[in-house]
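Have a look at the structure below before the remarks.
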DNA sequence: CTGAAAGCGCTAACAT
DNA sequence: ATGTTAGCGCTTTCAG
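Residue numbers (this note's numbering), protein chains in the order written: chain A, 690 to 1008; chain B, 690 to 1008.
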């Protein structure tokens, strides 16, 4: 193993001088610098990152916690984080959880072990209480956690859903259903809250059986449509929190000769290219930006304000 | 900082005993074990991963090189790698390259610095020559690199395209186009080779303008369709290497009243849920399995045989 | 400007 | 069974 000591010996200088050269510190005579660099060249020396990490107490890498990797949502947020991290010389460590609490805790354990300098939670499995003792300014949430000392960036889902409802009401719908990823988790709860508040404000009824859960992908959307078709009392419009799911519904509707939006209107979220291709009215959700902002928050040393991002409606033909 | 030494002191034992307890080594008297564990508890001790990494010369983490994170293909392969890695106690470090050569080289640099124990290339930007000096048994390729000493897992794209051609010929098509991600890179070259070989074997012509590049997502598919519509001499069928692109084509065809498959047949690859939803005939490509196998290859110490995976046709309505 | 030396925190060979 | 000790390879203070 060729280490800093061997090159010091070969260059005829001390290890600290070598270290200075390697880290572009000033105050090294040009002659010695050359000798060191020559020795590095000659011995094919490569710095050992782990030694640096140990010595510095930092790894310049940040962990990202996410449930799944094969969903566009997480790919996009990851892309946002990765881009920003790269700019600042940080690397990404992935913690895929499948929404398993233990897997999530493991990530926090890695943080404590200093394997990563920080953690971004793109989604969360454990309760905040369970996590409380691990949370530091190096931890960033992508949801509206209520503790004001926690760093967070999130989409205003509450307002998003309310705007969606308003829009559907204005189009004459009053029987409206909701299609969600899951019912727990802050983001989902905010959506549900927006849904009920909005309905109440407008004086329209909400039916529990019009709320569909566990909708992640295309197939789920197709299943929901089948279910919808079998219902006695059908909603005339559905707010769907993912374009993937909406796409499944639209595709299935085509097969079953269900007319969109006449028989069923669909108001979607994401504004993924898919929604444009399939002519689905959708709210743009700046997910990638969530990733970018999350990383920026991690870097901020002071207690930064939460970053709140908004959705924007793109009207197309599904409503 | 509470380290192994402080807990040794508190427990009244030596650091090596502490280390033994912490690593579940045998030969520690139950009494001392308890004392150590108590001290750990009391001081809230947490092992420093970097010290372990340095001491062991291993990090139990593997780097994954990929161009983009927001494409289903890479999400799926990542999911495969992550699942297998988790089973074996390894972590994932991400190197997103945007197909930038420098970014890719940086990943190899990290390998040399021992920041990761290995590297999986899901796609490659540099030439094999440029990479040659960095390649070791810790590097796994997801393509058919010809050097027999390199570890590799790949889809038999050559055969896949040839089967696709046969299928289209059998359906009466002879004017066939091809829609690719890119023209360089082993996987793409294999597809092109299959395309030309197949056409030649069947005695059918191939036209250069019927080969489309840079097709990654839905929008690209829509663009290709527009282009197709404007052509004087149109192919009657297109082989498309990604369901995302095919989906864009099908969606756009709907808008322009182009009949699929009557005006244009589409034979796709991936068998993504999208193809099922949109009734697109597609070859299943076991991408996730590529990821799983890639990780397994990394673990194999001997020179393992390359892993070759095959595609399977799912007939639907687009041909 | 440069070098000596004391860490960073853990592992493992060796001795007992 | 347990302790001593020499690393792992780099950074950084302190003295000169």
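Beta carbons are placed, not taken as given, at the ideal position from N, Cα and C, and that holds for glycine.
Source: prediction; values computed, not measured.
Per DSSP, residue i forms a beta bridge with which residues?
{"i": "residue 780 of chain B", "result": "B:750"}
{"i": "residue 868 of chain B", "result": "B:901, B:929"}
{"i": "residue 973 of chain A", "result": "A:959, A:1001"}
{"i": "residue 908 of chain B", "result": "Beta-bridge pairing links residue 908 of chain B to no other residue."}
{"i": "residue 848 of chain A", "result": "Partner(s): none; residue 848 of chain A has no beta bridge."}
{"i": "residue 785 of chain B", "result": "B:755"}
{"i": "residue 996 of chain B", "result": "B:842"}
Can you name the start and end residues of the beta strand (DSSP E) that residue i belongs to?
{"i": "residue 959 of chain B", "result": "954 to 959"}
{"i": "residue 807 of chain A", "result": "807 to 810"}
{"i": "residue 698 of chain A", "result": "Careful: residue 698 of chain A lies outside any beta strand (DSSP E), inside the alpha helix (DSSP H) at 693 to 700."}
{"i": "residue 710 of chain A", "result": "First-last for residue 710 of chain A: 704 to 711, but that is the alpha helix (DSSP H), not the beta strand (DSSP E)."}
{"i": "residue 721 of chain B", "result": "Not the beta strand (DSSP E): residue 721 of chain B falls in the alpha helix (DSSP H), residues 719 to 732."}
{"i": "residue 842 of chain B", "result": "840 to 844"}
{"i": "residue 741 of chain A", "result": "Where residue 741 of chain A is concerned, there is no enclosing beta strand (DSSP E), although the alpha helix (DSSP H) it sits in stretches over 738 to 745."}
{"i": "residue 828 of chain B", "result": "828 to 830"}
Would you mind working out which of the options sits nearest residue i, comparing C-alpha positions?
{"i": "residue 772 of chain A", "options": "B:806, B:938, B:778, B:759", "result": "B:759"}
{"i": "residue 994 of chain B", "options": "B:925, B:1000, B:877, B:840", "result": "B:840"}
{"i": "residue 814 of chain B", "options": "B:792, B:721, B:802", "result": "B:792"}
{"i": "residue 1009 of chain A", "options": "A:705, A:850, A:818", "result": "What is shown of chain A runs 690 to 1008, which leaves residue 1009 of chain A out entirely."}
{"i": "residue 730 of chain B", "options": "B:960, B:936, B:707", "result": "B:707"}
{"i": "residue 972 of chain A", "options": "A:988, A:710, A:929, A:990", "result": "A:929"}
{"i": "residue 822 of chain B", "options": "B:844, B:812, B:798", "result": "B:798"}
{"i": "residue 775 of chain B", "options": "A:745, A:952, A:786, A:982", "result": "A:786"}
{"i": "residue 996 of chain B", "options": "B:748, B:829, B:754, B:904", "result": "B:829"}
{"i": "residue 796 of chain B", "options": "A:780, A:956, A:811", "result": "A:780"}
{"i": "residue 910 of chain A", "options": "A:923, A:933, A:855", "result": "A:933"}
{"i": "residue 949 of chain A", "options": "A:927, A:919, A:844", "result": "A:927"}
{"i": "residue 849 of chain B", "options": "B:701, B:712, B:881", "result": "B:881"}
{"i": "residue 1004 of chain B", "options": "B:916, B:989, B:954, B:998", "result": "B:954"}
{"i": "residue 999 of chain A", "options": "A:851, A:897, A:868", "result": "A:851"}
{"i": "residue 808 of chain B", "options": "B:790, B:816, B:784, B:709", "result": "B:784"}
{"i": "residue 943 of chain B", "options": "A:965, A:898, A:923, A:917", "result": "A:965"}
{"i": "residue 761 of chain A", "options": "A:960, A:1008, A:983, A:865", "result": "A:960"}
{"i": "residue 974 of chain A", "options": "A:811, A:720, A:957, A:725", "result": "A:957"}
{"i": "residue 901 of chain A", "options": "A:856, A:736, A:916, A:979", "result": "A:916"}
{"i": "residue 869 of chain A", "options": "A:903, A:875, A:895, A:738", "result": "A:903"}
Tell me where the alpha helix (DSSP H) around residue i begins and ends.
{"i": "residue 874 of chain B", "result": "Counting along the chain, residue 874 of chain B falls outside any alpha helix (DSSP H), and DSSP gives it neither H nor E."}
{"i": "residue 820 of chain B", "result": "817 to 820"}
{"i": "residue 797 of chain B", "result": "790 to 801"}
Name the chain A residues whose beta carbon is nearer than 9 Å to that of residue i?
{"i": "residue 941 of chain B", "result": "966"}
{"i": "residue 936 of chain B", "result": "936, 963, 966, 967"}
{"i": "residue 676 of chain B", "result": "Given a span of 690 to 1008 for chain B in the structure shown, any question on residue 676 of chain B remains unanswerable."}
Please list, in chain order, the chain B residues whose beta carbon lies closer than 9 Å to that of residue i.
{"i": "residue 768 of chain A", "result": "757, 758, 759, 785"}
{"i": "residue 981 of chain A", "result": "None at all; the shortest Cβ gap to chain B is about 13 Å."}
{"i": "residue 765 of chain A", "result": "758, 759"}
Anything in chain B within Cβ reach of residue i, meaning under 7 Å, just list it in chain order.
{"i": "residue 810 of chain A", "result": "Result: empty, since nearest Cβ-Cβ is about 17 Å, beyond 7 Å."}
{"i": "residue 740 of chain A", "result": "743"}
Show which residues of chain A have a CB atom less than 7 Å away from the CB atom of residue i.
{"i": "residue 911 of chain B", "result": "966"}
{"i": "residue 780 of chain B", "result": "782"}
At a CB-CB cut-off below 8 Å, which residues of chain B make contact with residue i?
{"i": "residue 737 of chain A", "result": "743, 802, 803"}
Below 8 Å on C-beta distance, what does residue i contact in chain A?
{"i": "residue 771 of chain B", "result": "758, 783, 785"}
{"i": "residue 748 of chain B", "result": "739"}
Checklist line | Residues of the stretch 944 to 977 of chain A with Cβ closer than 7 Å to any Cβ of chain B, in chain order | finding: 962, 963, 966, 967
Margin query: Output needed in chain order: residues of the stretch 788 to 801 of chain B with a Cβ under 9 Å from some Cβ in chain A.
Written below: 792, 798, 799, 801
Checklist line | Against chain B: residues of the stretch 906 to 933 of chain A by CB proximity under 9 Å | finding: 906, 907, 908, 910, 911, 933
Check: For the stretch 721 to 736 of chain A, which residues have a beta carbon sitting closer than 7 Å to at least one beta carbon of chain B?
Finding: 735, 736
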